[in-house]
Structure formats: C-alpha cells, structure tokens
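Participant: Okay, here's the structure, questions in a sec.
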Amino acid sequence: MASGKPNGNAASGNGSGGPVTFLEAIKQAMFEEMERDPAVVVIGEDVGVYGGAFKTSEGLLERFGWERVIDTPISESAIIGAACGMSYLGLRPICEMQFIDFIACCFNQLTNFVAKGHYLWNAPAPIVVRGPSGGGVHGGPFHSANPEMYFVHTPGLKVIYPSTPYDAKGLLKAAVRDNNPVLFFEHKFLYRRIKEELPAEDYTVPIGKAAVRREGRHLTILSYAAMMYTSLEAAEALAKEGIEAEVIDLRTLLPLDEETILQSVKKTNKVLVVHEDTKTGGIAGEIAAILCEKAFGDLDGPLMRVTSLDTPVPYAPTLEDYFLPNAKKIFTAAKELARY
Amino acid sequence: MASGKPNGNAASGNGSGGPVTFLEAIKQAMFEEMERDPAVVVIGEDVGVYGGAFKTSEGLLERFGWERVIDTPISESAIIGAACGMSYLGLRPICEMQFIDFIACCFNQLTNFVAKGHYLWNAPAPIVVRGPSGGGVHGGPFHSANPEMYFVHTPGLKVIYPSTPYDAKGLLKAAVRDNNPVLFFEHKFLYRRIKEELPAEDYTVPIGKAAVRREGRHLTILSYAAMMYTSLEAAEALAKEGIEAEVIDLRTLLPLDEETILQSVKKTNKVLVVHEDTKTGGIAGEIAAILCEKAFGDLDGPLMRVTSLDTPVPYAPTLEDYFLPNAKKIFTAAKELARY
Amino acid sequence: MRPTAGERRKRDLTRQQYLDLYYYMRLNRAVEDTMVKLFRQNKIVGGLYSSLGQEAISVGSAYALEKKDWLAPMIRNIGALLVKGVPPRDIFMQHMAKYDSPTKGKDGTSHFGDLDNLHIVSPISMLGDLIPVMAGVAIAGRYLGQKIVAMTWIGDGGSSTGVFHEGLNFAATQKAPFVLILENNLWAYSTPVRRQVPLENLADRAKAYGIASYIVDGNDVVAMYQTAKEAVERARAGEGPILIEAKTFRRLGHAQHDPAEYVPKEMRAYWEARDPILLYEKFMTSEKLLDATVKKEIEDKIDALLQKERDFAENSPMPPAEFAAEGVYCTGDDCHKIRPKWERDKHEVMPPRSSVSAVWTVEGFGTGKGSSGGIAPIHFGDTANVPEKAENEESPTPKSLVKTAGKKSAKVASARGAGALRRRTQGKRR
Amino acid sequence: MRPTAGERRKRDLTRQQYLDLYYYMRLNRAVEDTMVKLFRQNKIVGGLYSSLGQEAISVGSAYALEKKDWLAPMIRNIGALLVKGVPPRDIFMQHMAKYDSPTKGKDGTSHFGDLDNLHIVSPISMLGDLIPVMAGVAIAGRYLGQKIVAMTWIGDGGSSTGVFHEGLNFAATQKAPFVLILENNLWAYSTPVRRQVPLENLADRAKAYGIASYIVDGNDVVAMYQTAKEAVERARAGEGPILIEAKTFRRLGHAQHDPAEYVPKEMRAYWEARDPILLYEKFMTSEKLLDATVKKEIEDKIDALLQKERDFAENSPMPPAEFAAEGVYCTGDDCHKIRPKWERDKHEVMPPRSSVSAVWTVEGFGTGKGSSGGIAPIHFGDTANVPEKAENEESPTPKSLVKTAGKKSAKVASARGAGALRRRTQGKRR
Ligand SMILES: Cc1ncc(C[n+]2csc(CCOP(=O)(O)OP(=O)(O)O)c2C)c(N)n1
Ligand SMILES: Cc1ncc(C[n+]2csc(CCOP(=O)(O)OP(=O)(O)O)c2C)c(N)n1
Ligand SMILES: [Mg+2]
Ligand SMILES: [Mg+2]
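Residue numbers (our numbering), protein chains in the order written: chain Z, 1 to 340; chain S, 341 to 680; chain C, 681 to 1110; chain G, 1111 to 1540.
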C-alpha cells in the first residue's frame, strides 16, 4: 500500500457516488484540502497510524506521509502552539482534539496566543482546531463537552458547529482556507447517524451564514448541530397542531449571521433558541441581547430558550436524557411561545 | 521580626480606624480568615516573601509562616490542583493568580476538576481563586483580562466581582467560608483609588446578592466592579437631565441575584447593562435572556448594553480609552433608552 | 533515612502478604473479566478499559500503602481500588451507571472517590491532572501532622502533559510525601512510546525535578510491592516525591472498541508469556506458597464474591431522571463534612508560634530584606521609581561562583579569567 | 555531525565578530538606559523590564543565528532583537505605544514580530507559550526544506510551566531544529530558583526529553556565542532540539517598580563585579581587540544612533482612538500575505510520492497492521466487540526484554527467573 490510492474505507476524494456520513464528509474535506495544497497538514493525537479516535483521518497518513500527518504526544498545548508556529511559515495546520473536551488543556494557547495575534501583531494564525463534541452518546462528563461559548466570547476566533455532512465538508474546507483561526466542532452524535449525497466537485460553504432548514411563519427556532434534528422533529409535531415553525441552522456561531436571524424574526416575531450547551451563558443569551438591540420592535413574545441543564454532563442514560433538550421540551416551549 | 506582630504596612486585622483601600480590605479579609481558622492557607506565585505582586498578601508570611503562605513555582495548574487536593483534607486554600489573565493556564483544572467534583463525586473543593483583573491601567492585552464569563458559563463555580472595599472584604470572607469553589476577581483599577471605613467587627457579605447603589425610577443600570463608578458618574449626569437611573451593583455574577434585578425592572421597565468585559457573550446577554423569561411584560424598552469592544485589550492609552466603556457612552445609551 | 540492606531483608514478605498479593491480582483480573462479560451483554454504559497484564502494578503499589494513606486511580488501576478496600460491586455499578454506585450514576468507570474513609480521590479523564491534586493532598496531610503518603499513577503517554510537569515540579519543591507510579505499557492509545517520549527510561523524567526514581519490572508483583514500599517509606520519611517507572505492556486495545492491530503480533505474544499472574504462580509454587488446594480456595472465594457483587450491581436501579438536576453546588451543612483532622498541635501554625522572618536566605550570601511597606504597580507607569545603583557602589565580594549558581565548576563553559576566554571550548556538550 | 576539534577552532571569531558582539552589548545596554530615562519621564506606557547584566546572553545567542533563522524574544531579550536587525526606534516606540511602532500601539514591550523579513515571532506574557510555537516554526521550516533553526529563551521560573514541558517534549519527539536558551538569572520575580526548581543545574531539565544540553557562563559573551553557535549548527544538522542553560543574575528588580530588596546585597554585589560588558572589555583590551579610540568610536556611533531613534520615537504620534476597533480578523487578501517558501520539491510531500505504509515498526518486533477499515466508538457501548485472544494462542517469542522496553537490564529491578524473586533487591535506587 506504500504508494497506492487509499482503499474504500480510507479517505477518498469527492464523489464516490452514494450518500456519505458526517464522518466521511469530514474525512473528504481534509483529504481534498491536503490534495489541493501541500501547505495543509494534520496534527493531533493518534491521527496518523490509527486514523483518529473516530477514524476521521483514516487513510491520510497512508496517502500524505509522516511529515503531513503528525502523531503527537498527549500535549494539547503543544499541538496548538506548534500549529500556530507552522502557520507563521505559510502552512495550514488542521489540529485534532481527540475529544473536544481536551481543548480546555490548551485554552491559554488558543485564547491568548492564537486568537490575539492578528489584532496585536499582524500575525494571523490560520489554523483549524477540530474535534468531536457533544453529548447523547453516554460519554460522561469528560467526553461530551459543548465548549462553543468559551470561544464565541473570545474575539479573534471563528466558531463553526455544523449539522449536515454537506455543511461539514464545505465549512471545513472554508475553515482551512480562512485566514483566521477557526474552531470547528463536530457533534459526534451525528458522525454516523446522518448521511447525505455530496456534490462531486469542490465546494465550500461560507463561514458566517446561517441556513433556513424549514420555513414557517409562527415562530423562529434557532439551533445548530445535533439539536437541529431535535428542533426539526419538534417542528413537525408543531405543524400537526397548526404551528408553523421556521427552523434556522446557525452553522457559524462566531460571527453570527444576524441578517438571516433578523429577517426571520421580522416575519415570525417570536424566537425560541435551542442549544445543547448549558443554559447560563449559552448563546441564547447573546441572541437575546442582539434581538433587543436590533429587533425589539419586531418581538411579539419573549425570546425563549430550551437548553441543557446547568450541570456537568451526567453519565447514566436516564440522567443524560433528562439533562439534554429533547423534542418534547422544544414542543412545549414553542407552544407556549406561540400563544403570545 | 520572627515572632512579632505585623507592622503598620503589613496585614492587620480589622479596625485600624481610618478608611482603607480596596487592596487593604482584601488583605484584611485574608488576615482575619487565617487568624480565625488554621485551615486557611494562601498559595500562589510571590505571595510570601514579596507579599504578592500587588502586595495584597503582605505580612501574611511573617505572621503565619511558611506552611500557610506558599510561594509556588510558575505553575498555575499546580496551584489550582494542589489547592483542590488540600481542600480534600479540610483545608481552605486561597489561590492567587498573579494577574487574573493567567487563569487561562489552569482553565482545565478549574473547569473540569474543581467545578465538577461536587456534582459528580460528592467531592466539594472549597477553594478561592483570586487575583487582579480588569483594564484601565494600561496593562496591555495580557494583564487586563475580565475573564468572568468563562466561569459564569461553568456550572459548579461561583463568581464574585466586587466594587467596594466593604464588599471585597465581606465577600472574600464569605468565599473562604463557602463550601464551593469561588472565583474572586479584584479590579486592579480600584485597588488604591477607592477607600472606605470598615466595621471593626467580623462580617461577611452574602454571595449571590446584588446591591442597589442608587435609587431611580426611569431606568435600571446593572453593572459591577470598576464600571460601577462609571455608571454612577453617568447616573449623576443623567439626573441633571431629569433622568433618574437606578444603579445596581451585581457583586456576584454566578449565581445572579435575579430577585433584585427583577424588582428593579418592575419599577423602571428599562434596563441598561454596563460591563467592561467584551460584548459578544458578555453577561448582558444572559441578563437579556433572563428578562425575556421572567420579565418580558415589564420591559418598555429593549435591554441595552454598553461594553468594551470585541477586541483584545489594546495597550496604548488612546486605544484602551476607546475600547473601554465610559460615562459618556453610558449617558448616551441611557438617554436613548429613556426615550422608549 | 534509607534502610540498610539488613532492614530491607526484613521486609521480605510474610506468607499472608504473598497470598494477599496473589488474591488481589486474581480479584483484579476476575473483576475485569466480569466486566467484559457485562460489556458484551451491553450492560456497561460507556467504554471499558482493561488492565490485563498490568495487575501487578496496581496491586503491588497500592499494597504498599497504609490505611491512612491516600490514592487516586487512573483508568487501569481497578486493582489499586480493590486493595484499598473498594468492594467490586462499586466498580461494577460505576460502569453500569447504577444509582447505588459511589457517584449514583453521575460519573462512570474508576471516576469516584471516598474522601472520608478510604482516602481515595476521583480522577478526571484529562491525563495528568491528578498529579498536582495528589501533591496537594500530600502537603495537606503533612500540614495536619498526619504522616500520610499520597500515591497516583500516570501512563507513558500521560507523562507528556503539562500538568505532569507542573505537578511533579511543585511536589519536588515542596518535598511532598508523594509517590508517582509511571506505568510504561509502551503504548498510549495507538502511539508507541518512542513517539511520545524520546527516552529509553521514562524514569528519567525524574531528573528534571531532582527527585529519586526507580525502574521496576511491572509484571513482577513482588518487585513492584517492594519498590513501592521502599518509595512510600522514603516519601513518608521526608525525602520528597519519588517516581517509579514500571515497565509493562498494554495487552488489549486502548479500550474495548480498539483491536489494537497497530501493535506487532510478536510484541503481544512476547508479553503474553510474561503474564504477571502466571509468573507469580510459578514463583509461589516453587516457593511452596501456593498449591492446587489453596489456589482452588482462592478461586472459589473470588467466584462466590463476584457472583454476589454482580447480582447486587445488576439489581441496582438506574438513577431517577430528576436526580440529574441536583448537586451542582454544595448547599447547606450536609454536603461538606470534611473537617481537618489535626494530628499536631495546631498552635504551631497559628501566631505567634507560626510567625517567621519573611526573607529569603541564599546560601553563601545571607538574606535580603523583608518586603514590608513595598508598593506595587497598578497603573504600570505610575509607581515610584527605584533609584538605580551605580555599577560599583558596593565592592564585589569575591564568593565562589559554585555556591551562587549551585553549579559545579567543571561543568561550566567559559573561562573564569577573561584573558583565557578565546581559546576555551565553548560549552560542555552533554 | 558534531564538529571536530579542528573545525571548532576554526570558529574562533574574526575581529569584526568580536567587535560586533561588543557593539551589540553596548547597544543593548544603551537602548535600555534610554528607556529608563523615558520611563522616568513617564513616557513609557506600561512596565519596563531590564536585562542589565544579561546582555551577553541575548547578544551572544542571537548572533549565532543566520538571517533565515527564526527567533522569538522574551522580555529580557532586547539584545536579541537588535542583533536580528530591529531598529532601536521600534523598541522605543513599542514601549511608548506609538502609532509607528510595529504593533501600532496595540501591544507593548518586546511583544511584536516580523514574520516576513526578520523572522521574529512575538511573545505573549504567559511564560513558556513560545516553546511549542517555535517548535512549530522549526518543523515547518524543515518541512519546506528551508534548513532553518528556531530559537527562543525562557527563564528559570518559566521552566516550571506546563507548556515548557509539552513544547520541549514535542520538539524532541520531532527532532525539531530548535534551540532553547534557559536564562537562569537565579530569580523569578521574588522567588529564588531553589524554590522553583529543585535542581543544581537547570540544564538537567533536558534529561527528561533525552536531548542535548549545555551549561554556559551567561556573563561571558564569547562562550555564549560559541555555545549557541555549536547548538544551532547541531540543531540544523538534524540532531534535534538543544537546551542551553546560561547562568547569570537578574541585576535589577523584576521590573522598574520592584526594588528587589529580597535579594541579598552581597549577591547583587558579587554579580555586579561580573558585569558582562566589563568582563568583555577587559578581555578585548588584553587581546588588543579594543582600545580607547575604538571604544570612543563605538560609543559615539551608539549615541548618535539612539539620539536619532529616540527623536523619531518621541515624534511619532499616539494611535488614533478608532484604530482600537480594527483588525481583530484578517479579512480580505491584504492581511495574510504569508505563502510557504518551498525550498524543496513540493512533490515529495504530495501523493503519490508522499504515500507511505501507515504502520508502526517496533524495534525487535516488526510492524503491526494498518488501520484501514477500523471503526470507532460513538455510543461508547455500541461498537463491535473485539474477540479477546486466548492467553496462549500465539506461542511466545522469547525476545530480549532489553529491546522491548528499551531498558538496560542492569537497571531493572526484579528477578528474571521467578524463583530468585524473593531475595532480589526491589528496585534500583537512583
Ligand atoms: C489531556 C488528555 N488528552 C487526551 C486524552 C485522550 N486519551 C485518553 S487515554 C489516552 C492514552 C493514554 O496513554 P497512557 O498515558 O500511556 O495510558 P495507558 O492508556 O497506556 O494506560 C488518550 C490520548 C486524555 N484523556 N487527556
Ligand atoms: C504563566 C505565567 N504565570 C505568571 C506570570 C507572571 N510573571 C511574569 S514574569 C514572572 C517571573 C519570571 O521569572 P523567570 O522565568 O525566571 O524570568 P526572569 O524574569 O527572571 O527573566 C512571573 C511570575 C506569567 N507571565 N506567566
Ligand atoms: Mg501507555
Ligand atoms: Mg529568572
């Protein structure tokens, strides 16, 4: 296999034909970006020979070699620091956190070094930091994190949290090509549960643009990542009761696509934000403040939120189910909101 | 001096008579708690012989000795980790971050180990993490942090950010006695600028209670730390124009004192949040969401916010002044809000 | 403080101790075998890690601790928990997320502790974080006069984390009574040790902190125990933290999901032949410490125990959903019952007896001045300026450089006499 | 790769090099003296750090770099910036937060870089963070075929940070062409080195990574240069990262606000007598490299230069307020102009030439299998189970343990033959 093409299970370029999983979409994005540009390298724990704890980088080492697929020691700060240094010479490193929870271990490098470089010293660090995030798979309190708000609150970073294979691939490619540091969260619940046919040709999805997943006129549900599906499920149930929810996938959390949000609010006059992240300090608050500033007159009801509980992610399925938002909670909140 | 009383400049107990600075209040709180309870120890960089970079622990080593005032290597994760371990045997460590910015270096220990212990394993870690925070003193991008929201978004922690010497002392004592991990931010701009007479006797200020600093009926300004003074200054200017602002000092950011906030909103029907923290993801958003949930009917105007810019803290005084909120910006926003 | 050879010999084990080590290794393995069965029946909620082939390390090292000592397990230290007194049911229930488990289903695997009785600290998944925590436990114990030792484990891979360094360095500066067992099982997930740490012996990590270290065959339970015992007693005696590298091998994948095909077959085979239980059985048999009857007795005892424990675990309910919302904060008096247990006169740490002169003494140079009355910068440019001393205001005291920097002159590059400087070699190559 | 003694001798400096070192040390000190004046006139915005007495380190080490090499300064490395080609005005303006400074007033002190021309990376205040960053620079340069070396500095205090460990360990696993100068000035703010690091020689930190290290007299500029030069060339030749401990002393306080009274007077006096410029002047004079005329010339040149640079800096405006809002993100094409400069055939790193067999080879045991087609856990309990191999399915290949664990048998505690186990000593005490 030393110089062969990757095999069927390994990474491959676009267009194998059938629908691909979220996980495969990530792999394709990395594969294609590495094919396109030798400045793109992958760095992380067990990303090479093993192909990543979730096999998202499987086949990359085989095709691109040891210099471009770097298995590191267990040192998240070294991964981010080294990637930052590499980007200073024109490389485009994609860093993997084995689980996104471990991003806490390189918080300083990311928020103080990487995020501030362009503003302070004109030293942009175009790196991508990606990894499996989110709950619902009984990963327990240290393998289920939704750390997005720590970074949405850090000027200088961009934060992406896609929900479909199409977006995952297109946004990851956009992230690699972006001149800023981008955090890219992959909800592991979606990795193999969602499949989609992808275009054969190269494409990107623009960073900073939300997508309307379902049109509706009675209220707007804003969500992202795994909660998109829960929200859509709730929207179907609401439709049966005559409530037509517009469901918007935020996709990028920093910068937020205010335009799409405001447009929808103008139409529906009511907003429900659904996020899997914990409640206090979650993105629903930021959206509430934006709506106050820019659409107060449009609001016929209060912004409402359905979120996880303000606790660590518990391990037992009974507890985690209770902890997480679900379609019923969304349905109930939406019905209440619709009454305004 | 080996066994003597601390001298005039060093730490001393309550009641020296005259008004004391914010800094002195902090020192008194630590001194008195250490006198009261041998379980209380202080740990951090240069806290012993030097008495802390800002001299907040001056005299403590002299009085309490090497075992209770621990000069550490430059290792923030070791400080937090060790404090957590010490607390497991019943000690009550007060950890100093030399500048609060360096809390980013122990982010993982704090948010994953310390914050989650009680919920997960019934292992509360009653430690206090304190340090100088905030801008306005030309400390530049790495010595001016307002990191409160990272921790307000972390269930299991408590977050305090006082504005007066009285509160600083009373809340720090309450933090030491609290059975949960408490982050205690000391705005360094206030250290020597604010003086106040303190009670001679032992007292605490309850965690989780806001304080109404100025009564008013036209709108409510919510703020904390250094921005309290800026808000009060703006309130005076507003009063001259016939606008009476109620100014509330949040004091504790997690848990927020919703009762006091809601009470005021019931009266004024308008809310302006002022924080020195950057805008996106700042606490104003969380407050906006809470008001939507619990006081939507009371709001006659949109929640407005005056905050720092969404950038790192710039170094040059011209830039930092522009970056920070000031009385004029508050005044302008409040006038606009009052018009609703 | 170090024991003489004579003292060491006396530490050879009693028959009961030999049997204990055997029992706990067997129990460790049996508990994990049971969990593999539970896993295959889909009764384990999350991942399942294995310490197959590493049991001698967990058992031998934990067996060196006294009841009052503290430990914190990592994922492959079920054996240490058993030795410390955790009943197997707790381990089963942790993995099954049952309501009767120590964490009541909130956390899983070996993530649980017992601060009050067994003196066990829960780990978190982030590798290395326990090291400063256990250093803190160690110095708190010393502060309270308890004469305890704190112990934890770390993998070859985990030794690359920043917090390993901060924790061990801090422990060393504090001379904390702390023993760290570095389980070098040659792999960190899929990454072989040479890609994580460019060292022959990971015990050399200790050299960065000036602390003592040992290398021990981690598949030899007696060696493991004796080494740990010596380390624990040295640490207790005040010699500071000690690092023990135990050489071993991770026989299965990282966790149940991982077939570990990246490991050469021959390597696995080599280590399978060095199974610590097999080796120990051979030894015990040849030393007449074990025969078929005793072995059978032990096996029956374990079988019976585990059947009971497993039944209990299986019958325990899942936690009620609403319990998820409880317990983020410790509120009221009931949730924090830990009070410092003073085993020294606490007045020693209270003024006036605690008071000291707050100055540094530097060997060869005396002490500086205390800091009282200093000022600190707030506006960075607004503090009083320090008058700079003229270069030669004070006449130089010609002290030996060796003392100052604590360096041995032989190792120092450069000429002392500037005239010779040109022809000197430039730096000791090391 | 190591130079022979003969080669080393040839590296003795030219007259011009000797003079350059002198010039830069004097310039370093003069620039800082000027800044002290500016500080006292309240023209410096933030704090002011000093490298008084440490100039030989910054100058000697940076002088060992080639133009294409990269460096990143810490707060006490103004001298290194000057050697690398930064004009003094930039340093003045950085401290004065002027609009013409490299960061246009957004950041201060030595916090600025020049990625395009001078190859300087800006530090941040958090100590140690530069270490992995410069390791990344080093491996990126190697990847592009540029044959560069990356250099940075760290204090005795900074060597206790977690990121020091992660960065240096990573660099070592990568054999990165990276040189780290550990400036042991015996104090970290108010804390003496023995309270931060329990080592005689901080160069021993290197032993945790199996990398080469040197100890050098940091007040001897020629030794510093020659040591750095040798290290730089060894790193460039592929020997991996190298740590140099430079022994020195922080002559002033941590920054201008700190009178540093905690330092014993005698210690300061001792080191004042070892001023690196004085020592070097003595040496140069005795070697007839410097006389009063040359010295005067150099002083005049520096005076004239700094007068001009200072005037420029003082006349530069403060940044306009609105500029604060600009530049958080790089938008458009103008703000990121860095393109990789390939100095090797880039097809080497593109398929098919880049393709490899994705397996680990373990010395003595061959290779494992590639990972293609594996699956990963998502619901932690939902993946296919790995059939466990029976203990003795494969016959053990009796390979030497020495190879396996890479350990020397002499160092290993425990008996190889289990029968001897009882009477063996338990672990090599180290
Ligand atoms: C800080 C951190 N990064 C990554 C991980 C993911 N992870 C869990 S175990 C593991 C490998 C651990 O290897 P080692 O320390 O050698 O222990 P072993 O599994 O061999 O017992 C990794 C990478 C983690 N737990 N913590
Ligand atoms: C991570 C981190 N913690 C704390 C500080 C605060 N601080 C700045 S310099 C310093 C002392 C540094 O000592 P050393 O590394 O020896 O360098 P020196 O000042 O002696 O050159 C400290 C504690 C910091 N900059 N970064
Ligand atoms: Mg391992
Ligand atoms: Mg130093």
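Idealized CB from N, CA, C, for every residue including glycine. From a predicted model like this one, the values you see are computed outputs, not experimental measurements.
Which residues, in chain order, does the region 383–404 of chain S contribute to contact with chain C at a C-beta distance below 8 Å?
Facilitator: GLY388, VAL389, TYR390, GLY391, GLY392, ALA393, PHE394, LYS395, GLU398, GLY399, LEU401, GLU402, ARG403, PHE404
Participant: Verify the CB distance criterion: does LEU659 of chain S have a CB-CB separation below 8 Å to chain G?
Facilitator: yes
Participant: ARG948 of chain C: beta carbon under 7 Å from a heavy atom of ligand 3?
Facilitator: no
Participant: What three-state label does DSSP hand LYS1406 of chain G in the structure shown?
Facilitator: helix
Participant: Following the continuous beta strand (DSSP E) through ARG130 of chain Z, name the residue where it begins and the one where it ends.
Facilitator: 128–133
Participant: May I have the straight-line CA-CA distance separating LEU593 of chain S from ASP1327 of chain G, to the nearest angstrom?
Facilitator: 52 Å
Participant: What distance in whole Å lies between the Cβ atoms of PRO378 of chain S and MET1030 of chain C, which are believed to be in contact at a cut-off of 8 Å?
Facilitator: 5 Å
Participant: Would you call the region 1120–1134 of chain G in contact with the region 1379–1396 of chain G, where contact means no fewer than 3 C-beta pairs closer than 8 Å?
Facilitator: Yes, since at least three Cβ pairs between the region 1120–1134 of chain G and the region 1379–1396 of chain G fall closer than 8 Å, the two stretches touch.
Participant: Just to confirm the assignment: which complete alpha helix (DSSP H) runs, minimum length 4, are found wholly within the region 1389–1471 of chain G?
Facilitator: 1402–1425
Participant: Could you confirm whether any beta carbon from chain C is found closer than 8 Å to the beta carbon of CYS178 of chain Z?
Facilitator: Cys is not the amino acid found at residue 178 of chain Z; the sequence shown has Asp there. Under the Cβ distance rule, ASP178 of chain Z does not count among the residues neighbouring chain C, no pair being separated by less than 8 Å.
Participant: So, are the CB atoms of ASN1295 of chain G and ASP1330 of chain G less than 8 Å apart?
Facilitator: no
Participant: Helix, strand or coil for TYR1159 of chain G, going by three-state DSSP, please let me know.
Facilitator: coil
Participant: Note down, in chain order, every chain G residue with its Cβ under 7 Å from the Cβ of TYR743 of chain C.
Facilitator: Ordered by position in chain G, no residue passes the 7 Å Cβ test against TYR743 of chain C, which lies about 13 Å from the chain.
Participant: Give a yes or no on whether the minimum CB-CB distance between SER1232 of chain G and chain C is below 8 Å.
Facilitator: no
Participant: Considering only the alpha carbon of each residue, which of Z:ALA200, Z:ALA78, Z:PHE151 lies closest to TYR166 of chain Z?
Facilitator: Z:ALA200
Participant: Taking 7 Å as the line, does the beta carbon of ARG1360 of chain G fall inside it for any heavy atom of ligand 4?
Facilitator: yes
Participant: Say yes only if the C-beta of ASP836 of chain C is nearer than 7 Å to one or more non-hydrogen atoms of ligand 3, and no if none qualify.
Facilitator: yes
Participant: Go ahead and label ALA1070 of chain C buried or exposed: buried means 16 or more other beta carbons lie within 10 angstroms of its beta carbon, across all protein chains shown.
Facilitator: Bear in mind that the predicted position of ALA1070 of chain C carries a pLDDT of just 34, short of 50, making it too unreliable to give a figure here.
Participant: Within 10 Å of its beta-carbon, does GLU1503 of chain G have 16 or more other beta-carbons around it, so buried, or fewer, so exposed?
Facilitator: Reliability fails at GLU1503 of chain G, whose pLDDT of 34 lies under 50, so the model's placement of it is uncertain and the value that follows must be treated cautiously. Classification for GLU1503 of chain G: exposed.
Participant: Can you check DSSP and say which residues form a bridge with ALA926 of chain C?
Facilitator: C:GLU863, C:VAL896
Participant: Under a CB-based cut-off of 8 Å, is TYR531 of chain S close to chain G?
Facilitator: no
Participant: Is ASN1122 of chain C near ligand 1 - that is, is its Cβ less than 7 Å away from at least one heavy atom of it?
Facilitator: Any question about residue 1122 of chain C goes unanswered here, given that chain C covers just 681 to 1110.
Participant: Got a sec: is the Cβ-Cβ distance from SER77 of chain Z to anything in chain C below 8 Å?
Facilitator: yes
Participant: Measure the alpha-carbon distance for LYS395 of chain S versus VAL387 of chain S and round it to whole angstroms.
Facilitator: 8 Å
Participant: Between the Cα of PRO1427 of chain G and those of G:LYS1208, G:TYR1372, G:HIS1367, spot the shortest distance and give me the residue it belongs to.
Facilitator: G:LYS1208
Participant: Unbroken beta strand (DSSP E) runs of length 3 or more, entirely within the region 1212–1284 of chain G: which are they?
Facilitator: As far as the region 1212–1284 of chain G is concerned, its whole beta strand (DSSP E) runs of at least 3 residues are 1260–1265.
Participant: Could you tell me which chain S residues have their CB closer than 7 Å to the CB of ARG1019 of chain C, listed as they occur along the chain?
Facilitator: GLY430
Participant: Between GLY1086 of chain C and chain S, is the shortest Cβ-Cβ distance under 8 Å, so that the two count as touching?
Facilitator: Any reading at GLY1086 of chain C is ruled out, since the residue's pLDDT is 30, under 50, leaving its predicted position unreliable.
Participant: Comparing alpha-carbon positions, which option in G:VAL1466, G:PRO1308, G:ILE1188 lies nearest GLY890 of chain C?
Facilitator: G:PRO1308
Participant: With a cut-off of 8 Å, does the C-beta of PRO481 of chain S fall near any C-beta of chain G?
Facilitator: yes
Participant: Got a sec? Which residues, its chain only, sit under 6 Å from THR783 of chain C by beta carbon, not counting five neighbours each side?
Facilitator: PHE792
Participant: Of all the residues that make up the region 500–517 of chain S, which are near chain G by a beta-carbon distance shorter than 9 Å?
Facilitator: none
Participant: Can you find the residues in the same chain that come closer than 6 Å, C-beta to C-beta, to SER397 of chain S, ignoring five residues on each side of it along the sequence?
Facilitator: VAL382, VAL387, GLY391
Participant: At 4 residues or longer, what runs of the alpha helix (DSSP H) sit wholly inside the region 23–70 of chain Z?
Facilitator: 60–64
Participant: Taking the CB atoms as reference points, tell me whether ALA1004 of chain C and TYR322 of chain Z lie closer together than 8 Å.
Facilitator: Yes.
Participant: To the nearest angstrom, how far is it from the Cα of ASP1025 of chain C to the Cα of GLN826 of chain C?
Facilitator: When rounded, the distance between both Cα atoms is 11 Å.
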